[in-house]
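Letter by letter, the sequence shown follows residues 6 to 588 of my numbering.
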Amino acid sequence: MPQAQQTSDSNATVNGLFSRFGAPSFTTQPTQDNTPTLWVERHKLLEVLAHLRAEFPMLLDLFGIDERLREHRPEAALDFTIVYHLLSLEAREEIRIKVGVSSDDASVPSAHLIWPNANWYEREAWDMYGVEFSGHPNLRRILLPPTWEGHALRKDHPARATEMEPFSLDEEKQAAEQEALLFKPEEWGMARATEDTEFMFLNLGPNHPSVHGVFRIALQLDGEVIVDAVPDIGYHHRGAEKMAERQTWHSFIPYTDRIDYLGGVMNNLAYVMAIEQLAGIEVPPRAKIIRIMMAELFRISSHLVFYGTFAQDVGQMSPVFYMFADRERLFGIIEAITGGRMHPAWFRIGGVAQDLPQGWDKMVREFIDSMPARMDHYQTMAMDNSILKQRTVGIGEYDTAEALSWGITGASLRATGMDFDLRRDRPYGGYDEFEFEVPIGNRGDSYDRAAVRVEEIRQSLRIIRQCLDNMPEGPYKSEHKLTTPPPKERTMQDIETLIHHFLSVSWGPVMPVGEASFPIEATKGINNYHLVSDGGTTSYRTRIRTPSFPALQQIPDFCKGLLIPDLIAIIASIDFVMADVDR
């Protein structure tokens, strides 16, 4: 949406809050991304959030910040901050509400009755920072093991294994760890039996092909009917947000590839664009179009994996082999351009790593020319197959209001009929120059979630063709002094650029003090990097909002009363990877 309209809408929201609660109730914080950011006192928090709920039906993110070592902390900040990032899709508007708490009273009221997806986000904030959420129904570890000591994202918690005592496991500790792993249904909110029925408990995962990674669902069954389902995550947690605090701004780029590991350089995009907002870097037109082309190639790659495994999970064996063959052809193009395949880490602050190689256009054209006929074949083979339809149509349905309340974005939201796509409705990085359709469904079931992604492949091919036909000339990287690193070819021409290159890679650029976030329409939904700079060569806080995290939290809401095979179809239709959930 136009910046002027967005600012006008945001001002109206802020003025409405001032009118309802009084301007003295808030402290305003300016940010580089111009998202309205208001601090509120803890005793008014729930009242303010409940007031905003009607205008902002989606809690996009909720996370913590340890402010204790921050040199340039906001005026209203205390020891810890809890951030509520709200989104209105209809108004294309965002707002942040912040509340500060001190170390000796680190507690805020739970917002899970306002937005149900606050449940997991609050558990994560407690897990990582030790901030209590009073009134939370089940405040326990979510990403770290139950026996973990401390809170990993606090600044006083070690960031490297070398800063900790060597690992040891004596018999007593081993017994304690085994005891902590025992399944106790009551702790999961389950009841063992009713007066006339004995329920069975079944672990689906964490090591099972149908859960698409190390993901566990504890099922409570009456025969094959699901009475309750409790997702259990954290088996893939690698501490990416903690690592972002120790890496330089530049050297963290390869880590982003591994978040949604099927999304490749699209993960780089949200991160580097957030940095570019912090630094005020303008990206050249050629670099913008190259980025869009590569991001859409990876959207196709990710959707091909989804398409094949979705069909496989509901009983078809052939499609996955065809689709992985197409993915291999696509990886050949990506490798020729970037030198890498799944994780090329090719985007840079201010542009891309290098210019397009000679012959790139021929490879891309051959691929996009051949894909429409293959997509037609797959439609007949998979989506039109009567068995696939019987397994997925009407299974796992939810409407737009439910999707918004759970923080569902991307194709899964559009499958409910919500006509929203950031690329079109709040264009970024050059998407406003492209023509494409936004596929939507109407039932919000497992079939529609797949059908939307299938059509998105066709639309991505359309965008790539426009990149191919209209690729501008010019530099592939900005001339801004904080562009990292400077173009390699210039380092052999003058000593100043060589020194700049050396310092950018070894120490990293120094980013201006401030905060900025940048949401993009990633392969699985909205991916958002919220960056806090304290004026150093590393990020003070990097928050990674991923679309897969809320998607798994919603599973219990719409699978009760279904059969186990129905749950498999639902899981297949969500399109998630566990690295995107656990980070």
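Beta carbons are placed, not taken as given, at the ideal position from N, Cα and C, and that holds for glycine.
DSSP on Glu371, reduced to helix/strand/coil?
helix
Beta-carbon proximity list for Ala81, same chain, < 8 Å, skipping 5 on both sides:
By the criterion of a C-beta distance shorter than 8 Å, Ala81 is surrounded in its chain by Thr32, Gln34, Trp44, Lys103 and Gly105, once the five residues flanking it on both sides are discounted.
Could you tell me whether the region 359-368 touches the region 271-284, where touching means 3 or more Cβ pairs closer than 8 Å?
no
Taking the straight line between their C-alpha atoms, what separation do you get for Ala521 and Leu226?
45 Å
Could you tell me the distance, in whole angstroms, from the CA atom of Val113 to the CA atom of Val136?
Their backbone Cα atoms lie some 7 Å apart in a straight line.
N- and C-terminal bounds of the beta strand (DSSP E) containing Thr314
Segment Pro290 to Asp318 is the alpha helix (DSSP H) holding Thr314; no beta strand (DSSP E) there.
Determine the DSSP secondary structure at Lys482, reduced to helix, strand or coil.
strand
Trp254 by DSSP, collapsed to three states: which one?
coil
Does Gly449 come out as helix, strand or coil in the three-state DSSP assignment?
coil
Please list, in chain order, all residues of the same chain as Pro477 whose beta carbon is under 8 Å from its beta carbon, the five residues on each side excluded.
Pro290, Arg291 and Ile294
Taking 8 Å as the cut-off, decide whether the C-beta atoms of Gly530 and Thr343 are in contact.
no
Between the beta-carbon of Phe523 and the beta-carbon of Ala275, is there less than 8 Å?
A contact, by the Cβ cut-off of 8 Å.
Run through the region 399-449 for me and flag every whole alpha helix (DSSP H) of 4 or more residues, listed as ranges in chain order.
405-410, 416-419 and 427-430
Going by the beta-carbon positions, is the gap between Ser93 and Phe61 smaller than 8 Å?
yes
Identify whether Asn20 lies in helix, strand or coil by the three-state DSSP scheme.
It is helical.
Alpha carbon to alpha carbon, what distance is there between Glu333 and Gln321?
When rounded, the distance between both Cα atoms is 20 Å.
Segment contact flag, the region 70-77 with the region 526-545, C-beta cutoff 8 Å, min 3 pairs
yes
Could you please give the first and the last residue of the uninterrupted beta strand (DSSP E) stretch that includes Gln225?
Arg221 to Asp227
Once the 5 residues before and after Ile70 are set aside, which same chain residues still bring their CB inside 6 Å of it?
Thr86 and Arg546
According to DSSP, is Phe188 part of a helix, a strand, or is it coil?
Here Phe188 sits in coil by DSSP.
What whole-angstrom Cβ distance do His348 and Tyr436 have, given they're in contact under 8 Å?
Contact doesn't hold; Cβ gap of about 24 Å is too wide.
Report, in whole angstroms, the separation of the C-beta atoms of Val235 and Pro561, which I expect to be a contact under 8 Å.
6 Å
Expressed to the nearest angstrom, what Euclidean distance is found between the alpha-carbon atoms of Met205 and Met195?
11 Å
Close-in-space but distant-in-sequence residues of the same chain around Val537 (CB under 7 Å, 5 per side omitted):
Answer for Val537: Ile70, Glu520, Ser544, Tyr545 and Arg546, listed in chain order.
Neighbourhood of Gly140 by C-beta distance below 7 Å, restricted to the same chain and skipping five residues each side:
Pro114 and Ser115
Is it the case that the Cβ atoms of Ile445 and Glu301 are separated by a distance below 8 Å?
no
Beta-carbon contacts of Ser417 that lie in its chain and below 6 Å, excluding the five residues immediately before and after:
Arg454
Residue range of the unbroken alpha helix (DSSP H) whose run includes Ser509
Ile500 to Ser511
Please classify Gly399: is it buried, with 16 or more other beta-carbons within 10 angstroms of its beta-carbon, or exposed?
exposed
Quick check on this structure: which residue in Ala556, Ala584 and Met583 has the alpha carbon closest to the alpha carbon of Ile66?
Note on residue identity: the sequence assigns Asp, not Ile, to residue 66. The shortest CA-to-CA distance from Asp66 to any of Ala556, Ala584 and Met583 is the one to Ala556.
Quick check: Thr496 and Thr502, are their CB atoms within less than 8 Å of each other?
yes
In this structure, what does DSSP give as the bridge partners for Pro236?
Ile222
Whole-angstrom distance between Ser553 and Gly228, CA atom to CA atom
Across the structure, Gly228 and Ser553 are spaced so that their CA atoms are roughly 30 Å apart.
Span of the alpha helix (DSSP H) holding Phe326?
Ser323 to Thr343 is the extent of the alpha helix (DSSP H) around Phe326.
Nearest by alpha-carbon distance to Gly239: which of Pro324, Leu207, Arg145 and Asp404 is it?
Arg145
Cα separation between Val515 and Gly422?
44 Å
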